[in-house]
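What follows is one structure encoded as structure tokens, with my remarks underneath.
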DNA sequence: GAGCACTGC
């Protein structure tokens, strides 16, 4: 890149004033942390309970309220846990309206509009920007980071008023011309069963008390902002010094600032002291024999001997997960190959393996081992291998028939994780090639028939469970505000019911916080209330606070755990006797039209409800209070949650299947096929990235991308970074993007954490900001205490380090060199542009951008490094869109429009007045490229159409003609594919 | 000028 031309104007009008790759002394460990003490101002919130909450429980003596509430509001449903009969007509009842939120799209942008948006600022804003420019120029010149000549050239360019305009082309690859079907699921699948139902309406509206709290907080914040400018971006720029009041205020995370070695599960498992009387007094063998699975062992083994596929219905407490593998081992299956058992979660794979190793009295990693990402605890002696489903899926890439295994158990298959579903489809074919392979699928009662039907009527075998009865109580009338009602219910239980802990299911962090606050306030308002220990839990909560829910409460104190879904399957707390179920959850749904995932509050499914209620019956009989009517349960909830494969972005999966040799996705036997829209969007994205060619076949780039366990755009960044000579830096950026957010922003100290974050900003790029954070962390010895001081999640950073190490290994294996570009951030930004050009946006207004291709208006997120820049870069690319109150771009980097045209030639070309010689050259090359692309597309289209004609002549011969059979022995299709309407082409 | 359930490679 010619930096000295002076006409490379839009991208680098600002020079970075520090080097993200050098240890920066502002972050040195020994500097005092600059913090603010805001606690005083905050406190009024918690001392000021709502009048309503205060008065309701002030009954003079006793508390008749509790029983009264129960009598009025509750009755036993006829659906106790044992009595549930779930039909198998489960998914996709397409009754009801679409649950998709459709956002208005702007009409296609005309060229005129493009021109109008080119500045997107009014006169006043322009003036402010000019002032800012002048000020910054001055700062840079005086600080010595910039030479006057550079700045002069930039400013001149601005004054000339020559702007670059991008023209946008709406090209689609020939294989996605709208006539091809890829799946049997042509219609989208609504996330909510009936969008007009009470629960759907209430979930859209949200909880009133939560809204009230939110506005209260905002008002308090405004009041604060008025009296204090320090701690803001402006404050920092102006050099406002803040008092070091840190010592007076221990923050929540400080307590865990002691160095924590690693994220390895083995470390976490040591502290589990769940030893019951039973486990202390009985030998391991006696414990095994006590399990229900033990009693049915002979029958089960016979069924497995006689059938290739068996569905095992293992109820909670049956011991299936630990015993099945051992039975198979004792039966001799281990001599024929490994016995594999997949788990949907890492912790489960690890802890179950540990338990089985103990029972078999062998070292973990010898006969019994486990494999999860970052930890392969197996050896050549391993016979019983526990693993996550993702690990097995990756193994199938290298070993398509899974030859090393004699049996595979897919545990918890009813959860229908994306990986499980893909494996299910793969097994359909594998089993036909490998008649000696045994497949055992374990499932909860209600899904068993689906699995059985899928595998041609495989036998079902039930292992009884060992749980206690749970009384299920439905609310009499629809509950409009689930948070308020949940709080009332908990208090009613607390004051009116015998001892036993309470578990409340909420949707997310905000709900949980409000619930806890309200509970405490209303409890405090009671006259001498019994003691209640209120404990929130959600995954984002720091680990030490999470651990508190497992501590036994002191005598006479009741525990009340307020949790997200995390307590539904991932965490099991003993001693829960009461469950309060809000009936809602946050569900990730994919909107292919907008190409984005969103988290939507939705009513839970009946299966979720059963799972939640069941949590009350682990250690004794329990009660479940459902904050919805029995009618709502029956009519407004899906029987099963829509499987993940039908509500998520599938570019990853499509890429995987393509490289597994699945040429025609229509032929792939999904238990529940993903919707057409989702597949076409995913394919389009892959094509736009260059992973699929114009005919829909995997390209070399696509093959390479498959080696990396991450989303396709990130994999592409890594591959491109080798060409650009910045793979060291890109490895870090990609790792940071693959972990949960690193910036910690506690509600109690928003300003401090904001200013801490701002200190890491690299102008014009959030990607580079991440690089900066990581390099600083490394420069400070990967120190946890340093993270706490700078409001960073050390857990995420450590995870990023692990991811990075794994990616380095893969790069080495792929013979991709690790090279550093030193301090040339333009190279990194250009490389970023090469991976994200399909997600580019142009400035439209203050903090507002418009997606170049889709014309969807998107916002710059206030946490972006570009926000406080003082001006808005004209063109940006972004990592992803997140929908909260608005559509926000998250992780944004400013780019040069020339880069977009050069790298994303399929979509963009340059239109420009006042050409310089360089621009002319660029434009000519781009024009030639464009012509090439168009010629290629036309040729491919012709080829494709010829192929299509061939196929219509002889539908049954298609496979041979497509050349599918050449390098594979047999092509078998599990079930008969329905004949496709003529003139509609089959999938590629 | 804001806030994101849970997994997994």
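Numbering (the UniProt record's numbering), first residue to last: 1 to 988.
Positions of the beta carbon are idealized from the N, C-alpha and C atoms, including for glycine.
- Contact annotation: residue 872 and residue 843 have beta-carbon atoms nearer than 7 Å.
- DSSP, reduced to helix, strand and coil, places residue 172 outside both helices and strands of the structure shown, so it counts as coil.
- When C-alpha distances from residue 578 are compared across 604, 622 and 599, the shortest belongs to 622.
- CA-CA distance, residue 860 to residue 626, rounds to 40 Å.
- In this model, residue 192 and residue 349 are separated by some 32 Å (Cα to Cα).
- Counting every other CB atom within 10 Å of its CB across the protein chains shown gives residue 813 a total below 16, marking it as exposed.
- In the structure shown, the three-state DSSP call for residue 531 is coil.
- For residue 189, the three-state secondary structure derived from DSSP is coil.
- The C-alpha of residue 671 is placed about 13 Å away from the C-alpha of residue 665.
- Along the region 508 to 558, the beta strand (DSSP E) occurs as fully enclosed runs of 3 or more residues at 532 to 537, listed in sequence order.
- For residue 877, no alpha helix (DSSP H) encloses it; the enclosing beta strand (DSSP E) starts and ends at 875 to 883.
- DSSP places residue 787 inside the alpha helix (DSSP H), whose first and last residues are 784 to 789.
- For residue 477, there is no enclosing alpha helix (DSSP H), as DSSP gives it neither H nor E.
- The alpha carbon of residue 617 has as its nearest neighbour, out of 728, 591, 471 and 653, the alpha carbon of 471.
- Within the region 375 to 409, the complete beta strand (DSSP E) segments at least 3 residues long are 375 to 377 and 384 to 388, listed from N- to C-terminus.
- Between residue 516 and residue 536, the gap from beta carbon to beta carbon is short of 7 Å.
- For residue 343, the pairing in a beta bridge is given by DSSP as 388.
- Three or more Cβ pairs closer than 8 Å define a contact, and the region 319 to 339 meets that threshold against the region 380 to 387.
- Separation of the CB atoms of residue 726 and residue 820 is rounded to 7 Å, and the pair is thereby assigned contact status at 8 Å.
- The DSSP-derived three-state label of residue 826 is helix.
- Scanning its chain for C-beta atoms nearer than 7 Å, with the 5 sequence neighbours on each side dropped, one finds around residue 886 the residues 859, in chain order.
- Residue 650 has its alpha-carbon roughly 11 Å from the corresponding atom of residue 422.
- In chain order, 503, 505, 537, 561, 573 and 615 place their CB closer than 8 Å to the CB of residue 567, counting only its own chain and leaving out the 5 sequence neighbours on each side.
- In the DSSP assignment, residue 428 is bridged to no other residue.
- Within the region 610 to 683, the beta strand (DSSP E) runs of at least 3 residues that lie entirely inside it are, in chain order, 622 to 626.
- Separation of residue 187 and residue 600 (C-alpha to C-alpha, rounded to the nearest whole angstrom) is 20 Å.
- Counting the other Cβ atoms within 10 Å of the Cβ of residue 747 gives fewer than 16, which makes it exposed.
- A contact is defined here as three or more CB-CB pairs under 8 Å, and the region 762 to 781 meets this definition with respect to the region 726 to 745.
- Secondary structure note for residue 322: its alpha helix (DSSP H) is the uninterrupted segment 320 to 330.
- Contact check for residue 333 and residue 406: beta-carbon distance about 5 Å, within the 8 Å limit, so the pair qualifies.
- Inter-segment contact for the region 306 to 323 and the region 281 to 292 is present: three or more beta-carbon pairs are separated by less than 8 Å.
- By a beta-carbon distance limit of 8 Å, residue 584 contacts residue 602. Their separation comes to about 7 Å.
- As far as DSSP is concerned, residue 182 takes part in no beta bridge.
- Contact between residue 943 and residue 695 holds, with the beta-carbon distance rounding to 7 Å and staying under 8 Å.
- Non-local C-beta neighbours of residue 679 in its own chain, meaning closer than 6 Å and more than five positions away in sequence, comprise 182 and 183, ordered along the chain.
- The Cβ atoms of residue 344 and residue 395 do not sit closer than 7 Å to each other.
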